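There are 2 protein chains.
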Amino acid sequence: MTHRRFVLARVPAGALTEDCFRLEEAPAAEPKEGEVLLRSLYVSLDAANRAWMQGATYRAAVEPGGVMAGGALGEVVASRHPAFEPGDLASGDLGWQEYAVIPGKALMKETRSEPLSHLLSIYGITGLTAYFGLLEVGQPTAGETLVVSAAAGAVGNVVGQIGKILGCRVVGVAGGPEKCRWLTDELGFAAAVDYKAGSLFKSLRAACPQGIDVYFDNVGGDVFEAALFQMNLRGRIACCGAVSGYDSAPPAHGPRGVPGMIVVKRLSVRGFIVMDFFARRAQALAQLQAWVSEGKIKVVEDVIDGFAKLPAALVGLLHGENRGKRMVRVA
Amino acid sequence: MTHRRFVLARVPAGALTEDCFRLEEAPAAEPKEGEVLLRSLYVSLDAANRAWMQGATYRAAVEPGGVMAGGALGEVVASRHPAFEPGDLASGDLGWQEYAVIPGKALMKETRSEPLSHLLSIYGITGLTAYFGLLEVGQPTAGETLVVSAAAGAVGNVVGQIGKILGCRVVGVAGGPEKCRWLTDELGFAAAVDYKAGSLFKSLRAACPQGIDVYFDNVGGDVFEAALFQMNLRGRIACCGAVSGYDSAPPAHGPRGVPGMIVVKRLSVRGFIVMDFFARRAQALAQLQAWVSEGKIKVVEDVIDGFAKLPAALVGLLHGENRGKRMVRVA
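Protein chains in written order, with our numbering: chain A, 376 to 706; chain B, 376 to 706.
Here is the structure:
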């Protein structure tokens with residue numbers, strides 16, 4: 376049996392382009408002892424995919440010639456691991472390929488539910504990142520002002536919606552007037568700031584007349600700096616990602632005000648990745664399911680059909696095309 | 376009765392110079408209801424004094440024409456506050472003046488002990504800053520690598536000595552080979568890095584072969600950046616001060632790697648000021664007293680005689696002249 380896969384043809388020097396990937400036909404491997412063969416159903420697109428190409432992060436770098444890495448939801452076709460049998464659903468780093476052979480211990484079993492895409496969005500890494508990052512790291516309380524960047528993105532929109540549930544005044548930072556309108560009109564954010572419109576500092580100040588208590592940072596760079604200077608005493612910054620620096624040369628300098636503002640305002644600035652909190656995954660999923668079923672969280676997905684569209688889907692994501700969770704439906 | 380005082384003659388544009396201060400003779404005020412008249416005994420010199428001239432921080436800015444602010448130890452001469460009577464010792468922001476009238480509620484009563492200077496060093500803000508900042512914010516455990524900057528300074532040397540008591544491998548960053556030798560030979564630090572010698576990044580790496588678990592930051596700037604890139608997973612940065620930026624124009628940019636390194640390494644970067652922990656001051660003082668009496672902490676002081684030397688003492692401190700806690704003996 377052969378299948379399609381994308382390999383990284385070359386490491387992008389600047390902004391990612393589609394020709395950094397090469398489509399190949401290859402024989403699908405057989406699972407060895409402890410391994411599982413899966414058919415990919417949905418591949419998740421994440422800004423972090425771009426960071427993986429640049430070097431080691433919390434995982435090893437994706438090397439040229441290797442299959443492009445990526446989270447995905449798959450269905451078990453054959454299993455030589457006792458925890459999985461054909462027909463099971465599982466998620467993990469299946470990569471950009473139609474079939475994948477993965478050690479069973481690197482897979483997370485998923486409970487079948489409809490629509491399946493939710494297992495990669497609100498009930499996947501995305502939703503859990505928003506949930507744990509906001510509750511455990513940001514620790515907002517009712518009445519506080521919460522600012523979230525990349526607010527129309529996969530994690531950001533969920534962070535904002537959870538913030539609203541907790542009684543925060545939620546302000547989103549996003550690119551372009553349409554996304555900003557969508558955040559206020561459709562998702563009910565108190566305000567939205569268009570970082571592409573210029574005068575970011577003033578716009579953010581106008582949107583946060585009481586200052587910022589919690590900043591959930593997905594982007595780093597200028598937005599981080601603007602937020603930093605407007606944090607309130609004992610404010611918290613949850614560092615989730617730094618997408619502003621992923622798709623270009625590393626920034627020559629970091630945000631001004633570090634560490635001065637951190638001292639003066641006694642801020643807590645903390646990085647996290649969602650796996651740090653996986654011991655409490657079941658509890659978090661139950662809460663997210665309740666909020667979704669009560670209509671308190673709108674699940675926002677951007678599903679693109681066709682395996683071949685993966686490179687374009689990632690390039691577009693890095694240009695901010697998507698609202699909510701972007702993924703490619705493979706089959 | 377007249378007394379001497381220094382007023383801020385002008386706000387320094389760049390590095391502080393002695394002519395930014397003006398010595399005046401002025402009548403000493405009488406205490407009103409709730410106030411206390413004190414005779415100043417020792418004035419504390421702190422890098423933060425310089426930051427106060429530049430604008431509001433955790434306190435209002437020192438304004439030109441006003442008495443220069445500064446922590447000091449004084450003896451009560453007259454009191455219209457029920458908690459104080461003549462002969463009592465108290466510390467607070469008495470400013471650079473021989474006599475000060477201060478609201479009683481802004482003073483901290485001190486227990487008379489010998490030498491009195493210890494009430495401004497190890498048992499004062501300095502020692503408590505080191506104690507709480509390291510234990511509560513840095514949270515080191517035995518066997519971890521602790522890096523402290525401005526390590527020969529008032530707070531830094533105590534941080535390092537407490538780190539040793541806790542079983543950490545302590546590495547100090549200081550300016551010049553003499554201070555570095557002193558840190559290793561006299562205070563028993565495992566290693567010391569001279570930030571003035573160039574190749575800071577490499578020297579720090581060589582001094583920390585296991586990476587850095589806790590970085591106690593007094594300086595910000597280049598040393599912060601060098602430490603940031605060498606932090607271990609789940610490392611902690613205690614942000615105590617940013618002296619590298621106090622005595623010059625604000626830096627054009629912050630450290631690279633913010634927030635990227637914070638995310639990837641899941642760091643916690645937290646600012647504090649010692650007053651945040653004052654509820655547990657008595658307990659901290661008891662611990663510090665025990666360590667001093669057991670010979671586990673050497674109290675390092677740099678006492679300058681003569682009220683008139685205050686401006687020179689502060690300028691010199693900002694140039695890194697001092698080892699340990701610098702203060703001026705007034706009377």
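From the three backbone atoms N, C-alpha and C, an ideal C-beta is built for every residue, glycine too. Fair warning: this is a prediction, and the values are worked out from it, not measured in the lab.
Would you mind reading off the limits of the beta strand (DSSP E) that contains aspartate 560 (chain B)?
Here aspartate 560 (chain B) belongs to no beta strand (DSSP E); instead the alpha helix (DSSP H) covers 552-560.
Beta-carbon proximity check, leucine 413 (chain B) vs leucine 469 (chain B), cutoff 8 Å
yes
Aspartate 421 (chain A), buried or exposed, once every other Cβ within 10 Å from all chains shown has been counted against 16:
buried
Note down, in chain order, all residues in the region 503-514 of chain A with a beta-carbon under 9 Å from any beta-carbon belonging to chain B.
none
Chain A contact for valine 638 (chain B) (CB, 8 Å cutoff):
yes
I'd like the ranges of any beta strand (DSSP E) spanning at least 3 consecutive residues and lying wholly in the region 471-522 of chain A.
474-478 and 483-485
Three or more C-beta pairs under 8 Å: does that hold for the region 637-657 of chain B against the region 631-645 of chain A?
yes
Which residues of chain A have a Cβ atom closer than 8 Å to the Cβ of proline 626 (chain B), listed in chain order?
Arg631
So, alanine 687 (chain A) versus arginine 701 (chain A), is the Cβ gap smaller than 8 Å?
no
Say whether chain A places a C-beta atom closer than 8 Å to the C-beta of isoleucine 648 (chain B).
yes
For aspartate 622 (chain A) and glycine 695 (chain A), what's the separation of their Cα atoms in angstroms?
12 Å
Note down, in chain order, all residues in the region 580-612 of chain A with a beta-carbon under 7 Å from any beta-carbon belonging to chain B.
Asp592, Gly595 and Phe599
What are the residues that DSSP puts in a beta bridge with leucine 412 (chain A)?
A:Ala453 and A:Val476
Closer than 9 Å by beta-carbon distance: list the chain B residues that pair up with leucine 642 (chain A), in chain order.
Cys614, Val644, Arg645 and Gly646
Using the beta-carbon of each residue, which ones in chain B are nearer than 8 Å to alanine 617 (chain A)?
Pro634, Gly635 and Val638
Measure from the C-beta of glycine 479 (chain B) to each C-beta in chain A and report whether the shortest distance is under 8 Å.
no
Given a threshold of 16 other Cβ atoms within 10 Å of its Cβ, counted over all protein chains shown, does serine 415 (chain B) qualify as buried or as exposed?
buried
Buried or exposed: which applies to glutamate 410 (chain B), given that a residue is buried once 16 or more other Cβ atoms fall within 10 Å of its Cβ?
buried
Between the alpha carbons of alanine 436 (chain A) and valine 674 (chain B), how many angstroms are there, rounded?
49 Å
Going by alpha carbons, who is nearest to lysine 480 (chain B) out of B:Pro457, B:Ile500 and B:Thr486?
B:Pro457
Chain B contacts made by the region 424-456 of chain A, where a contact means CB separation under 7 Å
Thr432 and Tyr433
For glycine 620 (chain A), go through chain B and note every residue whose CB falls closer than 8 Å to its CB, in chain order.
Gly635
Let me know if lysine 554 (chain A) comes out buried or exposed under the rule of 16 or more other beta-carbons within 10 Å of its beta-carbon.
buried
Does DSSP put arginine 631 (chain B) in a helix, a strand or coil?
coil
Touching or not, the region 540-552 of chain A and the region 514-522 of chain A, by the rule of three or more beta carbon pairs under 8 Å?
yes
Can you look up glutamate 318 (chain B) in the DSSP assignment and give me helix, strand or coil?
Given that chain B is displayed from residue 376 to residue 706, the structure contains no residue 318 (chain B) and the question cannot be resolved.
So which residues of chain A does aspartate 651 (chain B) contact, with C-beta pairs closer than 8 Å?
Arg641
Contacting residues, own chain, Cβ-Cβ under 7 Å from lysine 571 (chain A) (five flanking each side not counted)
Gly550 and Gly551
DSSP three-state assignment for lysine 577 (chain B), whether helix, strand or coil:
helix
Name the one or two DSSP bridge partners that lysine 539 (chain B) has.
BP columns for lysine 539 (chain B) are empty, so no partner.
Check whether the region 523-542 of chain B touches the region 663-681 of chain B, taking contact to mean three or more Cβ pairs, one atom from each stretch, closer than 8 Å.
yes
If we count the other Cβ atoms within 10 Å of its Cβ and call it buried at 16 or more, is serine 419 (chain A) buried or exposed?
buried
If you draw a straight line from the C-alpha of cysteine 395 (chain A) to the C-alpha of phenylalanine 653 (chain B), how long is it?
57 Å
Sort A:Gly635, A:Ala659, A:Gln662 and A:Ala505 by Cα distance to tyrosine 590 (chain A) and report the nearest one.
A:Ala505
State buried or exposed for threonine 486 (chain B), treating a residue as buried only when at least 16 other CB atoms are found within 10 Å of its CB.
exposed
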